[in-house]
Amino acid sequence: MPTGYQHMVVDYYVAKLRKAKELRQAELKEIKTAQQALAYQQKIKAAVEKAFGPWPETVPLNLRVTGIKQFDGWHLEKLLFESRPGFLVSALLYVPEAAKAGKVPGVLATCGHSMEGKACPTYQGFAQRLVKNGFMVLAYDPIHQGERDQYALLKKQGVTEFPGLCGAHNFMGRQLELLGDSFASWRVWDGRVALSVLLGRPEVDASQVGVTGNSGGGTLSEWLWACEPRLTMAAPSCHLTTLLGDLENELPRDAEQYPRGILGAGLELADLMIVRAPQPAIMLGQKFDFFERRGFIEAYEDLKAFYEVLGASAKFEMFLGPTTHGYSIHNQEAMVDFFCRQTGRKAQQVEVTPLAEDQIQVCPDGNVLMAGSVSISDLIQQQARELAAKRPPLDKVALQKKLEELLQMPQRCGVPHFRIPRACVYQIADQQEVWARYAVETEEPGIRAIVHKNVRQPGCVNTLDVERDVCLYLPDVASDWDLTGNAYVRQLASSREIYSIDPRGMGESRPEDDPKNDEQAFFAVYGMDYMMHGYGSMLQESYLGRRVFDVLRVIDLLTAEGAEKISLHGRGQGAIIATFAALLEKRIDEVFLVDSPVSFQE
Numbered sequence: 002m003p004t005g006y007q008h009m010v011v012d013y014y015v016a017k018l019r020k021a022k023e024l025r026q027a028e029l030k031e032i033k034t035a036q037q038a039l040a041y042q043q044k045i046k047a048a049v050e051k052a053f054g055p056w057p058e059t060v061p062l063n064l065r066v067t068g069i070k071q072f073d074g075w076h077l078e079k080l081l082f083e084s085r086p087g088f089l090v091s092a093l094l095y096v097p098e099a100a101k102a103g104k105v106p107g108v109l110a111t112c113g114h115s116m117e118g119k120a121c122p123t124y125q126g127f128a129q130r131l132v133k134n135g136f137m138v139l140a141y142d143p144i145h146q147g148e149r150d151q152y153a154l155l156k157k158q159g160v161t162e163f164p165g166l167c168g169a170h171n172f173m174g175r176q177l178e179l180l181g182d183s184f185a186s187w188r189v190w191d192g193r194v195a196l197s198v199l200l201g202r203p204e205v206d207a208s209q210v211g212v213t214g215n216s217g218g219g220t221l222s223e224w225l226w227a228c229e230p231r232l233t234m235a236a237p238s239c240h241l242t243t244l245l246g247d248l249e250n251e252l253p254r255d256a257e258q259y260p261r262g263i264l265g266a267g268l269e270l271a272d273l274m275i276v277r278a279p280q281p282a283i284m285l286g287q288k289f290d291f292f293e294r295r296g297f298i299e300a301y302e303d304l305k306a307f308y309e310v311l312g313a314s315a316k317f318e319m320f321l322g323p324t325t326h327g328y329s330i331h332n333q334e335a336m337v338d339f340f341c342r343q344t345g346r347k348a349q350q351v352e353v354t355p356l357a358e359d360q361i362q363v364c365p366d367g368n369v370l371m372a373g374s375v376s377i378s379d380l381i382q383q384q385a386r387e388l389a390a391k392r393p394p395l396d397k398v399a400l401q402k403k404l405e406e407l408l409q410m411p412q413r414c415g416v417p418h419f420r421i422p423r424a425c426v427y428q429i430a431d432q433q434e435v436w437a438r439y440a441v442e443t444e445e446p447g448i449r450a451i452v453h454k455n456v457r458q459p460g461c462v463n464t465l466d467v468e469r470d471v472c473l474y475l476p477d478v479a480s481d482w483d484l485t486g487n488a489y490v491r492q493l494a495s496s497r498e499i500y501s502i503d504p505r506g507m508g509e510s511r512p513e514d515d516p517k518n519d520e521q522a523f524f525a526v527y528g529m530d531y532m533m534h535g536y537g538s539m540l541q542e543s544y545l546g547r548r549v550f551d552v553l554r555v556i557d558l559l560t561a562e563g564a565e566k567i568s569l570h571g572r573g574q575g576a577i578i579a580t581f582a583a584l585l586e587k588r589i590d591e592v593f594l595v596d597s598p599v600s601f602q603e
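First residue of the sequence shown? That's 2 in our numbering, and the numbers climb one at a time after it.
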């Protein structure tokens, strides 16, 4: 059997992150003074601004209260406000009775990945614990959660098939990437506007304002902590670990959990907490969390050492709960106790009673779109059209330069080395076909483009003999799928020798393999291909750009071996790669695109 390459891309990124970890740990060990610590924080601040900014313009909140519910010792206000023009955010404000007598501390509550959003019983629970301890708490629905379901109007029209919660986030994230924007930035901006709503209450003591949340809400707590100087204390739960650990454990994250360029700047997750030292913070985890405790403890050690340099050890703590992923009562009480101590009060253990979703509904129909909000799709489409109207025409040279910049193309040097692994034998209809295989080393450590060729001369599969007139084929996902079953490539192969190229992460090096439905595994909204793209984004390496690079390196090899005319055929994803390769490589004579998207705009 031929040797596969399924771990190739994962190992490539792991090696990069391990090297970055060595450099970062050495840099942290050199920090001995407050001045050195401040310099390190300035580096983080620059990376954070680049990762999440630039921020949109502030718009009028158009804040309105749609209802009030009174309880013993506190009341609940149902709020609607706008974070972008016409883009409604539904929220609940938990107001303690003590606010009538004077200033009270505040907490911004961020929700994790629950479809119920702020109505999730767990999130109601920690908000009630806080309000019963004298805090004013604002809990808001994230995009496409709770009352901000972005498909509500389609569902009303009878459409029934939709991606799940995280799948929808990831689709939105991909669309925003095409605009040069990010879902992480949108989520953080919603939180920053929600914080403005909380601080707009005259009863809130602006010198005592915390942020907390669990899982995806733990992520947003940390992102907001790094981006929002108005926050004075933080308690993210079930999020902090290391990005290297997640990668090694093959653990994908949501679209907003891949901040652009963070790894490329030499940072780790702990740095987005370090940036706010010596402000009070506690990191909360769980002993059996899938955000593994080794990474949690490593992040804690980094933070602890940094706070010690600043002489602020008493302001930083950690708590590791005894259970699995979730904002358990143990973590909630540890958070409440920490916030109480920071605000000069003693935490009280209280009973909580989550309310039914319809009781805390902000909008009459339980959805912001039905209450007149524009959807994220509306805003993305509007922004895309505005960009299209302003896009200047570019000549070929300018277009090539811009594309190289966007695809973050590495330099191509010399002729790549190639290996000749074992040939493949495919059963096609009633006969067997032998295809030679070539592993072209791109000069990036461990990365190879795998090439299949239907060598016509019997027994000549152990050499590379290149014709003057070469036909290249880029499959949608995998050469072996198309070579055995796609009519277009079968027609090509019937009359000539072809070189079918699997760039990194495709074909033989696709990380996931599901014998029952291989295509579904590759395109899974939380799959490995999705995750590799996310790590590329954090490293400031375009994953798509690196695939184009692999194709260009194969062309470098073939032309060095005698190719003079190159025809390039691409299908599906391969058509996108072929389009970019043809624009960047003058030695490609003709291009054929099959099953190709018409445009990114479409």
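Where a beta carbon is used, it is the ideal one built from N, C-alpha and C, also for glycine. Just so it is clear, the structure is predicted and the values come from calculations on it, not from any experiment.
Just the Cα atoms here: how many angstroms apart are residue i and residue j?
i: GLU542; j: GLN409; result: 6 angstroms
i: MET336; j: LEU285; result: 8 angstroms
i: TYR489; j: ALA582; result: 20 angstroms
i: VAL441; j: ILE502; result: 10 angstroms
i: GLY113; j: GLN176; result: 22 angstroms
i: VAL398; j: GLU586; result: 12 angstroms
i: MET529; j: ASN518; result: 15 angstroms
i: PRO411; j: MET9; result: 18 angstroms
i: LEU80; j: ASP359; result: 15 angstroms
i: ALA357; j: VAL132; result: 18 angstroms
i: MET137; j: ASP366; result: 26 angstroms
i: ALA120; j: GLY147; result: 7 angstroms
i: GLU509; j: ALA424; result: 13 angstroms
i: ILE578; j: PRO230; result: 42 angstroms
i: ARG588; j: GLY5; result: 30 angstroms
i: MET2; j: ALA437; result: Summary for MET2: the model assigns pLDDT 45, below 50, so the residue's position carries little reliability; its value from the coordinates is reported in the next sentence. Straight-line Cα distance between these residues: approximately 13 angstroms.
Do residue i and residue j have their C-beta atoms within less than 7 angstroms of each other?
i: PRO417; j: ARG554; result: yes
i: LEU248; j: TYR14; result: yes
i: PHE297; j: VAL189; result: no
i: HIS145; j: ASP255; result: no
i: VAL467; j: GLY537; result: no
i: GLN151; j: SER376; result: yes
i: MET116; j: LEU77; result: no
i: THR324; j: GLN350; result: no
When DSSP labels each residue in this structure, what does residue i get in the three-state scheme?
i: VAL595; result: strand
i: VAL552; result: helix
i: LYS391; result: helix
i: GLN158; result: coil
i: VAL10; result: helix
i: HIS145; result: coil
i: GLN521; result: helix
i: TYR544; result: helix
i: HIS570; result: strand
i: TYR427; result: strand
i: VAL398; result: helix
i: THR443; result: coil
i: MET2; result: Unreliable positioning characterises MET2 in this predicted model, as indicated by a pLDDT of 45, which lies under 50. A coordinate reading is not provided.
i: ASP150; result: coil
i: LEU180; result: coil
i: MET319; result: strand
i: ASP503; result: strand
i: MET284; result: strand
If contacts are defined as beta-carbon pairs under 8 angstroms, then residue i and residue j qualify, I think. What distance do you get, rounded to the angstrom?
i: PHE82; j: MET234; result: Actually they are not in contact, since the Cβ atoms of PHE82 and MET234 sit about 24 angstroms apart, beyond 8 angstroms.
i: VAL310; j: ILE32; result: 6 angstroms
i: PRO281; j: GLN343; result: 5 angstroms
i: ILE421; j: ASN455; result: Their Cβ separation, rounded to whole angstroms, is 15 angstroms, which puts ILE421 and ASN455 out of contact at 8 angstroms.
i: PHE320; j: ILE283; result: 6 angstroms
i: THR213; j: VAL108; result: 6 angstroms
i: ASP12; j: ALA92; result: Incorrect: roughly 44 angstroms between the Cβ atoms, too far for contact.
i: ARG572; j: ASP481; result: 14 angstroms between Cβ atoms; not a contact.
i: GLU302; j: GLY246; result: Not really, about 13 angstroms apart at Cβ, beyond 8 angstroms.
i: GLY126; j: VAL353; result: 5 angstroms
Checking the sheet assignment: what are the DSSP bridge partners for residue i?
i: ARG438; result: HIS453
i: THR111; result: GLY214
i: ALA92; result: LEU80, TYR141
i: LEU72; result: The residue asked about is misnamed: residue 72 is Phe in this sequence, not Leu. In the DSSP output, where bridge partners are listed per residue, PHE72 has TRP75.
i: PRO237; result: GLY214
i: GLN602; result: Answer by DSSP bridge pairing: none, since GLN602 is not bridged.
i: HIS433; result: A small correction: the amino acid at residue 433 is Gln; His does not occupy that position in the sequence shown. DSSP lists GLN428 as partners of GLN433.
i: PRO411; result: PRO411 pairs with nothing; no bridge assigned.
Is residue i near the ligand PLP - that is, is its Cβ less than 6 angstroms away from at least one heavy atom of it?
i: GLU83; result: Absent from the structure shown: the ligand PLP. Ligands present: none.
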